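Using the working numbering, the first residue of the sequence shown is number 176, and each one after it goes up by one. Everything on this sheet refers to the single structure shown next.
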Amino acid sequence: MTTVCMQTVVSGKTVQVVLLAEQATAKIYMVNSDGSSQQPRAMSVREYLDAGMSSEQVVRHILEVITTALGELDRLRKDGL
């Protein structure tokens, strides 16, 4: 069973993506800087894999999207919106 796991830190949160290739599922875990965590989320990645992306490419793409979204949310909060 192929599993790919990558993580990054963005806006004070540790984000980890675990991809289970055989199940075509990615699980997303987030831990805040104070040690609290959010409920893990799962998403289907079948379309990405069927399009020919490797497991590593899929995980990197998910991390990029999350990093961009959290960075934008952080910027909006700082701007008072």
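Beta carbons: idealized from backbone N, C-alpha and C, even for Gly. On a predicted model such as this, the values are computed, not experimentally measured, just so you know.
Which one of 179, 195, 190, 181 has the shortest CA to CA distance from residue 221?
195
For residue 205 and residue 212, which I take to be in contact (beta-carbon distance under 8 Å), what is that distance rounded to the nearest angstrom?
The beta carbons of residue 205 and residue 212 sit about 6 Å from each other, so the pair counts as a contact at 8 Å.
Quick one: what's got a C-beta closer than 7 Å to residue 215's C-beta in the same chain, skipping five residues either side?
202, 203, 204
Give me, in chain order, the residues of the same chain whose beta-carbon lies closer than 8 Å to that of residue 248; leave out the 5 immediate sequence neighbours on both sides.
186
Let me check one thing: in DSSP terms, what residues is residue 178 bridge-paired to?
195
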